[in-house]
């Protein structure tokens, strides 16, 4: 229909369309091609909708020609059958009189009844809804056009700055007289034939009712849009605030003096250029002809670094060596690091001779050694810590430079983080759409086993897997394990994007990583929409049934009873419906809804929740919907990354049962040892850029790997002993002619011996929670008849009575949404009880860990810088040591946090919340994103912690290893559970 409409428009308007912007042409065509568009009588509807646009864009000369063109368009569209005929109006044979024959008293007095039946068909309702949405879009478009025109007008205003000596051309502006001017906005006249004289030095007040055009008049003047305003008249309209940026308020005002600002910038540029030229000549003088073989961008970079006025050469060029040493060696400017150090010293000397290096402050030696507290014994010497000097250590100029450098570094980190986010979004957008595949209609053979050979996986220039080889056998269930940061999630993303050779193109891979988009679609319908074919068939069925009803209503009558076209059309519809019903039956479409509802119910969605719009759910619940969609689709290869993170124990147990029966292949990353033991048949272990496959569940893997490492270590030691023995014989008799043949045989045997790799163990994880310096007396935290409910809502908890002390080791269990996190907030003081009392010792320090703290990390920063900002004034070495107590050591503490894995981010969050040495630690799902070794280290850390612990978790291994009491949360109460976590699981399963 759009193509026909386009040809008609080009036929009627002809060559004039060549001068019109293509978006305008497309808009005209789309409006006319809309099936709901009403041309009206003689094209009046087209004239009302498009008249102004046709005239303004130059498609027609004036409104008279426009009306003629609209009539022609209406005729042409009618000939092509694109205009619906208006319903015929049948005249009555005689006038109809209401209540004819009744007098006024007899006529009924009551108001007409409101009909309850439908006044519009479903199709008409849809049309009306589309028309409303279209009108809303048009209004929004007109508003956006208005905003764009306003911005363009502001951008077109002349720049006004300080005028020092009347350099603007023309006579000095005195009086201003504006005659016979008009002011309008949106086609509405505000001022007509206005005449105003503004006398120099007079101060005018502009008054009038709202909407009379005061502000518009000022804008017209500011744009010089009124005749009579001299061109050299500087007019400044104070209407808009200044743009917020890093410029200070004082500098922002000074920048209004453009000439001053330009002169200062020109001075700085000339000095920089001069310094750069001198620096370039010095670099070429020192490095000589070697620079001819170096790429020019590298040479320019070296020159610019050294020419920076803030660059510190250091003592004997140490600063230059630190900044440029590796680059000079790698680029071939010098042979090795020894020569590099010599070159940096020469560069420092040369720059000093040219006055480009600031002299370091002179250090004056004392005439004699100075002894602190000389003449005092140990008891007399003062014990207090040295005072912090309040005096300025830096000049104001140096402080400003340091501040600029910090802001520059922050902008660079933020820019790199935004680039990373953009790359992530682009990668996700490039993933193939996966939907239910009913009968392997995707081209290619049915996907069974998948073999990927010699593949590499990297992120941010860092190799994670090198020369990997993996075979995934059809129907096997794989658990992917390895330390945080080894590349498990990145490997899954590579597979989902088909970025590894060996994955068949027709293999459906679904990576459950991102929550579904929140909109008005219900949770159940969101899952059902994953079956695209079923959705399309049902829509096609609905359209055909609607068309069939229309044919029945407008069927042949009178002289048209013998018309066979209607009968043919009815037969065609019946045949199409029959084909659709057969296909729906074949794909089991009518049981799809019950299957989707069953999956959602297993993931703890009640019937009411399944009908709720997805936008009303939190991120955790939308992740459950994404998981339900994946289970409903049943792809060839399912990739699950920590699927239990957002589930309660009941949902985890259901998911275990469901995955055990999964008929196809899946790979799951999980920190839950018992979950892996239940659902997987194989383990893929990622360590040291290598991936190794093991048969069996996780416990079997641990035993097999331990035995393998033990045997490998024995083989390595035996190999090393044999090598040493043979090498000793060779070294002893190498020059003995009588033993020459024996030496040669030993050399050959040594070559044949081969090499056995030494066992490389992962470094031990550490979770060292600091011991509090003080121990507040009991009671520390106690609840007495406490109740809580959010304002305006029902009471969630009532009569809470419990206490927490430094010896508490408690885990709260219960379904998601029951209020466990609310209890933690009541304990921490983030929420206050509605009634009753909650006592907290004035000396108690409470640390809270939750997913919110992980999500709140500044991902553009690094762990060390993040702690330095959180705890200003604390020495860097102390913060490094504290990060190290949670396994964030070495270069890991300096990596941007967006490159860290989920578990590494969790450890940074742990380091932050425990820096103040808390007495009580509250943990909300602490094992989420931690790898299995890290969970083990967390257990050991909690066991050794000399304070109270209360956690919310469904991780059986974590709970069993670190707590000695369970609290069950249900029906608005918190009660101790008499039994172990295994007993609680059995209670849920019964």
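Numbering (UniProt numbering), first residue to last: 1 to 990. Just so you know, even glycine gets a beta-carbon here, dropped at the ideal spot from N, CA and C. Treat the numbers as computed from the prediction; the structure is a model and nothing was measured.
Would you say residue i touches the ligand SAM, meaning its beta carbon is less than 7 Å from a heavy atom?
i           : result
residue 779 : For the ligand SAM, the structure offers nothing, since it holds no ligand at all.
Could you round the C-beta distance between residue i and residue j to whole angstroms and report it? I think they count as a contact, below 8 Å.
i           : j           : result
residue 651 : residue 955 : The Cβ separation is near 14 Å, so there is no contact.
residue 938 : residue 958 : 7 Å
residue 997 : residue 278 : Lying before the first or after the last residue shown, residue 997 is absent from the chain, which here runs from 1 to 990.
residue 222 : residue 203 : About 18 Å; that fails the 8 Å criterion.
residue 604 : residue 815 : 7 Å
residue 797 : residue 620 : Contact doesn't hold; Cβ gap of about 21 Å is too wide.
residue 871 : residue 915 : 6 Å
residue 786 : residue 629 : No, residue 786 and residue 629 are not in contact; Cβ-Cβ is about 41 Å, not under 8 Å.
residue 512 : residue 627 : 5 Å
residue 642 : residue 670 : 6 Å
residue 614 : residue 519 : 6 Å
residue 920 : residue 844 : 6 Å
residue 894 : residue 862 : 5 Å
Kindly indicate which residue of the options has the alpha-carbon position closest to the one of residue i.
i           : options               : result
residue 332 : 293, 354 and 356      : 293
residue 633 : 592, 621 and 623      : 592
residue 942 : 830, 884, 795 and 806 : 806
residue 711 : 694, 338 and 756      : 756
residue 185 : 135, 205, 398 and 214 : 214
residue 839 : 961, 736, 676 and 826 : 826
residue 455 : 549, 305, 470 and 953 : 470
residue 818 : 25, 648, 239 and 546  : 648
residue 903 : 857, 873, 947 and 867 : 857
residue 792 : 275, 834, 263 and 715 : 834
residue 28  : 538, 43, 18 and 49    : 49
residue 852 : 924, 782 and 177      : 924
residue 229 : 272, 212, 686 and 174 : 174
residue 536 : 264, 341 and 581      : 581
residue 772 : 499, 299 and 945      : 945
residue 11  : 75, 849 and 62        : 75
residue 837 : 804, 884 and 799      : 799
residue 227 : 210, 267, 176 and 253 : 176
residue 83  : 22, 34 and 256        : 34
residue 459 : 896, 804 and 26       : 896
What residues match up with residue i in a beta bridge as DSSP calls it?
i            : result
residue 335  : DSSP output for residue 335 lists no bridge partner at all.
residue 984  : Per DSSP, none; premise fails for residue 984.
residue 839  : 782
residue 685  : 481 and 692
residue 811  : 951 and 966
residue 178  : 196
residue 788  : 797
residue 184  : 189
residue 511  : 639
residue 973  : 970
residue 821  : Residue 821 is not bridged to any residue.
residue 1000 : Look at the range of the chain in this structure, 1 to 990, and you will see that residue 1000 is not part of it.
residue 802  : 783
Could you tell me the boundaries of the alpha helix (DSSP H) in which residue i lies?
i           : result
residue 968 : Element bounds for residue 968: not the alpha helix (DSSP H) but the beta strand (DSSP E), 965-970.
residue 454 : Run containing residue 454: none in the alpha helix (DSSP H); it sits in the beta strand (DSSP E), 450-459.
residue 755 : No alpha helix (DSSP H) holds residue 755; DSSP gives it neither H nor E.
residue 195 : Segment 188-198 is the beta strand (DSSP E) holding residue 195; no alpha helix (DSSP H) there.
residue 868 : 863-870
residue 504 : First-last for residue 504: undefined, no H or E at that position.
residue 292 : Taken as a continuous stretch (DSSP letters only), residue 292 belongs to no alpha helix (DSSP H), as it is neither H nor E.
residue 587 : Per DSSP, residue 587 belongs to no alpha helix (DSSP H) and is neither H nor E.
Quick one: give me the first and last residue of the beta strand (DSSP E) that residue i is part of.
i           : result
residue 286 : Looking at the DSSP string, residue 286 is not in any beta strand (DSSP E); the run it does join, the alpha helix (DSSP H), is 258-287.
residue 232 : That residue, residue 232, is in no beta strand (DSSP E); it is neither H nor E in DSSP.
residue 846 : 846-849
residue 463 : 462-472
Less than 8 Å between CB atoms is the rule here; does residue i satisfy it with respect to chain D?
i           : result
residue 193 : The structure shown has no chain D; it contains just one protein chain.
Every unbroken beta strand (DSSP E) inside the stretch 879-937 [3 residues or more]: 920-924
At 3 residues or longer, and completely inside the stretch 601-680: list those beta strand (DSSP E) runs for me, N to C. Fully enclosed beta strand (DSSP E) runs of 3 or longer: 637-641 and 665-669.
Let me know the alpha helix (DSSP H) ranges lying completely inside the stretch 23-56, each 4 residues or longer, listed in chain order. As far as the stretch 23-56 is concerned, its whole alpha helix (DSSP H) runs of at least 4 residues are 44-56.
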